[in-house]
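**Q** Provided herewith is a single structure, encoded as structure tokens, for subsequent inquiry.
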Amino acid sequence: MNKLRKIIALMLSLSVIFTAAISVFSAENFDDDGNRDNDAGLSDEEQNVLIQDSHPKHELDNPDDAYIEDIEYDTYIMGKNEYDETVKKLTAFEMWVPIDDGSYLQPIKAGEFFLSVCRYINCDSFYDEDANKEDMWEKAHDMLKSMGYVDFNIDCTDEISFDNALRTLVNALGYKQIAYMYGGNDNAYIQIAANYDITKNFLDNRSASIRRTDAASLLNDSIKADVYISYGNNGHKSINTLEYFKDAYKITGVVESVSEHAITSGDTIYKGIRIGDYLLASDRSDLYDYLACKVEAYYRKEDSGGNTLLYISYHKNNSIITIDGEDIKSVENNIIRYYSDNKTKKVSLNSSAKEILNGFSPKSLDEEDFYNCDYIRLVDNDNNGKYDVVFVYKYDIMVVKRIVESQGMIYGLYNDDPNGSLKVNFADCDMTDRMGNPVDAYYITEDSILSVAKDIETNKTKIIVSNLMYTGVVKSTNGTKIKFEDRTYKYSTNAEYYKDAKAIKNGNKYTVYLDYRGRIAGYDLLKTDDIQYGFLIQAWIEDNRSDVIAKLLPYTGDMNEFKLARSTKIDGLTCKGAEKIITALKIAADYQRSTLATLDSSYKIMADYSDDSYVYVRVPIMYKLNDEGEIKYIDTPYHSDNENPEWNDVFHDNSMTMYNDFSKRTSSIKPGGMYLRNTLAFNSDNGNNVAINSKTKVFVVPVSNDRGDIGDASQYIKTNLTYFDDWVYYPQTGTQYTTENRIEAYNVDESRTAGVIVYYTSDVIPEIDKKVPLTVVDEVVKAVNDNDESVTRIIGWQGNAQMQVDLAEDVYLKRYYNGPNGSKIMSEVKHGDIIRYVTNSKGELVDYVKVFSLKDEDNPDYVKTGNEEGKTAETSTLNKTMIAVSDGKYAENGHNTSHIYNAIGSYNYGAMYRLVYGTLLYRNGTNLVLKTKVDTALGQTDKIEIADFSGYNVLFIDETTNRIYVPTEDDLLAEQSAGEAASKVILHTEGGKQRQLIIIKRAG
């Protein structure tokens, strides 16, 4: 069918015979909604929708607020951000040629436009996406000229005016002869374009060069028009452009099924959707978000039968609201009442509203399902103010203690049953991590938190696996919230189990295990007699010759000096007295050094590492404390005759045991491989590989034998597998590997997953990577720490929680940077500034990067990472690390850096770390429409961002009152009503997902 239509298209210029009498339509006859009929073309309503790859961003409490005329979304979106969506749409129809530089405000070349027209009308047999673009332009020009569509002189590399672009398009759609009846001049083409619904959007200066965004809009407008086909004696017919050229058809309706998920009875299609009676195949992964929503979609009829989805967008007649489960007050008589901003609000449900529980089959509304749910999402798809579908997300909670994959069994605390079990068919289970990524059974480990949903009818199971954990001392509790030193958590939906005697208590130290929403679902109380893990650096006898002190880095806690009990068990031997204790630790140190020297010919033994009164042990240990906080038990990698003989086995965790095979190497052979998470990824490796998972304890320590480095707390980190984020296979890849560094595995289980990893490196100060949050500085003060030492302390905010951190020795908040012509520029961290920082093993700030100055005191061209005093890199080649926009009273400073991100190239929504500075244009429910500036080849241009104001991770910095606080919606001022006083907003995203929102109000 497409081949036939290409032939017909080639013949259009020869076959146009127009009718003797042609009706002339005046401007007064224009159809108000610009549609040929209700189902054809692109409606004005669709132009008003910001199309997203996820849920629609217009979550409205009141559907009557949707798209009222004075919102002017065309101004916000069409002229700026809609270009990307328009191109996505045109590309879906194969009627737009990708442009490398992405500068949508740049004038389009004539050849570029001609090539898109050729693609549009299927006269593109010459097209080769890998060929030289100017060659393609020439061939497109020649094709259209030969057909009479380009009837003016122009070079392909010239810019093209709006009049000539419109003339070319109108001719290509079959209207040339009609236009010539009206004189064939530019005004005639304007009249034809308006009368025949090709476009109603004409540039004020039609002779000026048309920009790419205008060209894309022109083509987009035309897809609702018809091709004018003449035949016979004055006969003609009209067929929609997409139907004629692309076999593409438009439908409007409610999405009733996505793959096997459906809201009504009827057929479903695997990897596709159903809209009304239409089944549309698609392998897009985001379609579930459209379920129950009214959409406008385009599909292609396949020659082999069936239909394929080409493009889909939300219709304006959708109102969507999400309500947290704990905010639901009542559900009765088809009314849901909920709390918002300390007020009670309500939404009404359709009398026949359907409930979809955890994404399974729809059923009648059951009020019981709303009790203790995580959240609900309501969809009103006909804009009548009553919600038609309620998505309820409610899970059983399991704290895993044991998994037997071969039997399909998981054991642990299941809701309120401490001896619960869960039968799972892993081959047919929808299992993801907390970010929605598919995972296998290997991802589940002891103390994983599972959010489990089962469908009785289909026997399907969905599981969300979270391996989040946190260790700290509880500072306060109020029944629903648990406050630790630097963060606050709520209980998960299994909170009933932790009432009364099982409740978390003030003053105790816990490791808490968090569900996919970051809520406490399980915990371990850390008692003094429990086995703990640490890295033992050195031990010595005090001057009194009776006390032994050990310098230890605990895995949970700060590096400190611990006193050993007078009677201490070391490697199974009870040692009474200082000399015997030191002797036992020397034996352990000797064993470790001789073992490593045997395994690795390049291993360098530290000189003078011990004498009668001290020893540098430098090994991981398991230890216990007595009630006085003294170490009473130590187990090192050395296995003495006094220990249980079974502990000499390779695979166990009862005693600290080094996995020798992993550390073998000669001067020319690297140690074995280390895989991340996947314990099934081993090939025939002679046992040299180990895996690590979320439970692996990682100590990063100095490889140097220099005593200054060994004793420096800033040279140590206790961490987990996230430290090795950029490693796939150690040590073949990854920036963390160098020939000086080495790595050891301990307490490896039978699946060869390491319980402990010790990584020796020459550079242990952690990188300020994508995971480091923003910190808003409130105060910088002098303080006294727990060791009665004078320190500089930052008091500030992370997310919407207050925090504090002390600076390590020799770290200062004044830094000097290389300026122009050899000058030096000073930058200081002050109240209202924003930084990102990392800490050492003692929790002290050892490095930071300043990302925003409230008083606009820093030039982002010079104040950036890598340009510090003494660095020699060319300043202009370094990525900017500061946002700096001079507005308000600081406008004369002239800074205009609105974006920073860890990606090179064009504007990048999905960068793993990205900061955006913008102006609040409009607030729509909890969604904020922001205007920001983007650098292009032609200078800066406006761009639209959408942010979510939902009360979490939102802060307000008010320079006028010298305050930092958690704001309410009343603190937001939109440009639409406030003009130049509109709120300024900093948006922090990671991988396209919002992490932090900070509202800025500068003085005067």
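My numbering runs 374 ahead of the 1-based position in the sequence shown. C-beta: ideal position from N, C-alpha, C; glycine also.
If you compare alpha carbons, which of ASN1079, SER968, LEU479, TRP1171 is closest to ASN1034?
**A** Position 660 of the sequence shown holds residue 1034. Of ASN1079, SER968, LEU479, TRP1171, the residue nearest in Cα terms is SER968.
**Q** Classify TYR1190 as buried or exposed, calling it buried when 16 or more other Cβ atoms lie within 10 Å of its own Cβ.
**A** Residue 1190 sits at position 816 when you count from the first residue of the sequence shown. TYR1190 comes out exposed.
**Q** Is DSSP giving ALA924 helix, strand or coil here?
**A** Along the sequence shown, one-based indexing puts residue 924 at 550. DSSP places ALA924 in strand when its eight states are reduced to three.
**Q** Report yes if the C-beta distance between ASN724 and ALA666 is below 8 Å; otherwise report no.
**A** Counting from 1 along the sequence shown, the entry for residue 724 is found at position 350. Counting from 1 along the sequence shown, the entry for residue 666 is found at position 292. Not a contact, by the Cβ cut-off of 8 Å.
**Q** Leaving out five residues before and five after PHE500 in sequence, what residues of the same chain have Cβ atoms less than 6 Å from its Cβ?
**A** Here residue 500 refers to the residue found at position 126 when the sequence shown is read from its first residue. So the qualifying residues of the chain are LYS513.
**Q** Taking the beta strand (DSSP E) that SER604 falls in, what are its first and last residues?
**A** On the sequence shown, residue 604 is found 230 positions in, with the first residue counted as 1. Residues 600 to 605.
**Q** Over what stretch of residues does the beta strand (DSSP E) that includes TYR570 continue unbroken?
**A** On the sequence shown, residue 570 is found 196 positions in, with the first residue counted as 1. Per DSSP, TYR570 belongs to no beta strand (DSSP E) and is neither H nor E.
**Q** To the nearest angstrom, how far is it from the Cα of LEU1174 to the Cα of LEU1329?
**A** Taking the sequence shown and counting its residues from 1, the one referred to as residue 1174 is at position 800. Taking the sequence shown and counting its residues from 1, the one referred to as residue 1329 is at position 955. A small fix is needed here, since residue 1174 is Asn in this sequence, not Leu. Between ASN1174 and LEU1329, the C-alpha separation is close to 6 Å.
**Q** With DSSP as the reference, identify every bridge partner of LEU1361, one or two as the case may be.
**A** Here the question's residue 1361 lines up with position 987 in the sequence shown. According to DSSP, LEU1361 bridges with VAL1290, LEU1371.
**Q** Please tell me whether ILE1131 and GLU1153 are closer than 8 Å, where the distance is taken between their beta carbons.
**A** Your numbering for residue 1131 matches position 757 in the sequence shown. Your numbering for residue 1153 matches position 779 in the sequence shown. For ILE1131 and GLU1153, no; Cβs fall outside 8 Å.
**Q** Can you tell me which of the three DSSP states LEU947 falls into?
**A** Residue mapping note: residue 947 aligns to position 573 of the sequence shown, counting from 1. Strand.
**Q** In or out: ALA963 buried (at least 16 other Cβ within 10 Å) or exposed?
**A** In the sequence shown, counting from the first residue as 1, residue 963 sits at position 589. It counts as buried.
**Q** Pair every Cβ in the segment 840 to 859 with every Cβ in the segment 786 to 806, then say whether three or more of these pairs are closer than 8 Å.
**A** No: fewer than three Cβ pairs fall under 8 Å.
**Q** What is the rounded straight-line gap between the Cα of THR867 and the Cα of GLY1268?
**A** The sequence position of residue 867 within the sequence shown is 493, counting from 1. The sequence position of residue 1268 within the sequence shown is 894, counting from 1. One C-alpha to the other measures close to 51 Å.
**Q** Once you ignore the five residues that flank ILE643 on each side, which residues in its own chain have a CB closer than 7 Å to its CB?
**A** Counting from one through the sequence shown, the residue named residue 643 turns up at place 269. Around ILE643: LEU653, ALA655.
**Q** Leaving aside the five residues before and after LEU938 along the sequence, list all residues of the same chain whose C-beta is less than 7 Å from its C-beta, in chain order.
**A** Here residue 938 refers to the residue found at position 564 when the sequence shown is read from its first residue. Result list for LEU938: VAL922, ALA924, ILE955, GLU1004, ILE1005, in chain order.
**Q** Determine the contact status of VAL471 and ILE637, defining contact as a CB-CB distance below 8 Å.
**A** For the purposes of this step, residue 471 is taken as the residue at position 97 of the sequence shown. For the purposes of this step, residue 637 is taken as the residue at position 263 of the sequence shown. Going by C-beta atoms, VAL471 is not nearer than 8 Å to ILE637.
**Q** How far does the alpha helix (DSSP H) with GLN1350 in it extend, from its first residue to its last?
**A** Here residue 1350 refers to the residue found at position 976 when the sequence shown is read from its first residue. 1349 to 1352 is the extent of the alpha helix (DSSP H) around GLN1350.
**Q** If you draw a straight line from the C-alpha of PHE536 to the C-alpha of TYR623, how long is it?
**A** As a first step, residue 536 must be located in the sequence shown, where it is residue number 162. As a first step, residue 623 must be located in the sequence shown, where it is residue number 249. Roughly 28 Å separates the two Cα atoms.
**Q** Could you give the distance in angstroms between the alpha-carbon of SER596 and the alpha-carbon of THR1239?
**A** The residue you call residue 596 lines up with position 222 of the sequence shown. The residue you call residue 1239 lines up with position 865 of the sequence shown. In a straight line, the C-alpha of SER596 is about 49 Å away from that of THR1239.
**Q** Measuring straight from C-alpha to C-alpha, what distance separates ASN841 and ASP889?
**A** As a first step, residue 841 is located in the sequence shown; it is residue number 467 there, counting from the start. As a first step, residue 889 is located in the sequence shown; it is residue number 515 there, counting from the start. The alpha-carbon atoms of ASN841 and ASP889 are separated by roughly 8 Å.
**Q** Please confirm whether LEU824 and VAL774 have their CB atoms less than 8 Å apart.
**A** On the sequence shown, residue 824 is found 450 positions in, with the first residue counted as 1. On the sequence shown, residue 774 is found 400 positions in, with the first residue counted as 1. For LEU824 and VAL774, yes; Cβs fall inside 8 Å.
**Q** Look at the Cβ atom of CYS492, then the Cβ atom of GLU508, and state whether they are nearer than 8 Å.
**A** Counting from one through the sequence shown, the residue named residue 492 turns up at place 118. Counting from one through the sequence shown, the residue named residue 508 turns up at place 134. Contact flag unset, no.
**Q** For ASN1121, report the span of its beta strand (DSSP E) as first-last.
**A** Position 747 of the sequence shown, counting from 1, holds the residue named residue 1121. Note, ASN1121: beta strand (DSSP E), 1116 to 1122.
**Q** Look at TYR1133 and VAL1179 and say whether their C-beta atoms are less than 8 Å apart.
**A** On the sequence shown, residue 1133 is found 759 positions in, with the first residue counted as 1. On the sequence shown, residue 1179 is found 805 positions in, with the first residue counted as 1. No, they are not a contact pair.
**Q** Is LYS1216 helix, strand or coil by DSSP?
**A** Numbered from its first residue, the sequence shown carries residue 1216 at position 842. Here LYS1216 sits in coil by DSSP.
**Q** Indicate whether VAL1151 and LYS1204 have their beta-carbon atoms separated by less than 8 Å.
**A** The residue given as residue 1151 occupies position 777 in the sequence shown. The residue given as residue 1204 occupies position 830 in the sequence shown. Taking 8 Å as the Cβ cut-off, VAL1151 and LYS1204 qualify as a contacting pair.
**Q** Got a sec, what are the start and stop residues for the alpha helix (DSSP H) LYS463 sits in?
**A** One-based indexing of the sequence shown puts residue 463 at position 89. Where LYS463 is concerned, the enclosing alpha helix (DSSP H) stretches over 456 to 466.
**Q** Between GLU1124, ARG992, GLY846, which lies nearest to ASN880 when the distance is taken from Cα to Cα?
**A** Within the sequence shown, residue 880 is the residue found at index 506, counting from 1. Out of GLU1124, ARG992, GLY846, GLY846 has the C-alpha closest to the C-alpha of ASN880.
**Q** Nearest to GLU617 by alpha carbon, out of CYS747, LEU683, VAL1359, ASP600?
**A** For the purposes of this step, residue 617 is identified with residue 243 of the sequence shown, where counting begins at 1. Closest option to GLU617, Cα to Cα, is ASP600.
**Q** With DSSP run on the structure shown, which of helix, strand or coil describes VAL1102?
**A** By 1-based counting over the sequence shown, the position of residue 1102 is 728. Confidence at VAL1102 is low in this model, with a pLDDT of 42, below 50, so the placement of that residue is unreliable and no value is reported for it.
**Q** Under a three-way DSSP split, which group does THR1127 fall into?
**A** Reading the sequence shown from its first residue, position 753 is the one you call residue 1127. Residue state, collapsed to three classes: strand.
**Q** Candidates ARG751, LEU1181, GLY646, SER735: which alpha carbon is nearest ASP698's?
**A** Here residue 698 refers to the residue found at position 324 when the sequence shown is read from its first residue. It is ARG751 whose Cα lies nearest to the Cα of ASP698.
**Q** Identify every residue that forms a DSSP beta bridge with GLY1085.
**A** Residue 1085 sits at position 711 when you count from the first residue of the sequence shown. GLY1085 pairs with nothing; no bridge assigned.
**Q** Quick check on the burial criterion: 16 or more other C-beta atoms within 10 angstroms. Buried or exposed for LEU1361?
**A** For the purposes of this step, residue 1361 is identified with residue 987 of the sequence shown, where counting begins at 1. So LEU1361 counts as buried.
**Q** Check whether the Cβ atoms of TYR785 and ARG776 lie closer than 8 Å to each other.
**A** Within the sequence shown, residue 785 is the residue found at index 411, counting from 1. Within the sequence shown, residue 776 is the residue found at index 402, counting from 1. Their beta carbons are under 8 Å apart, which means TYR785 touches ARG776 by this criterion.
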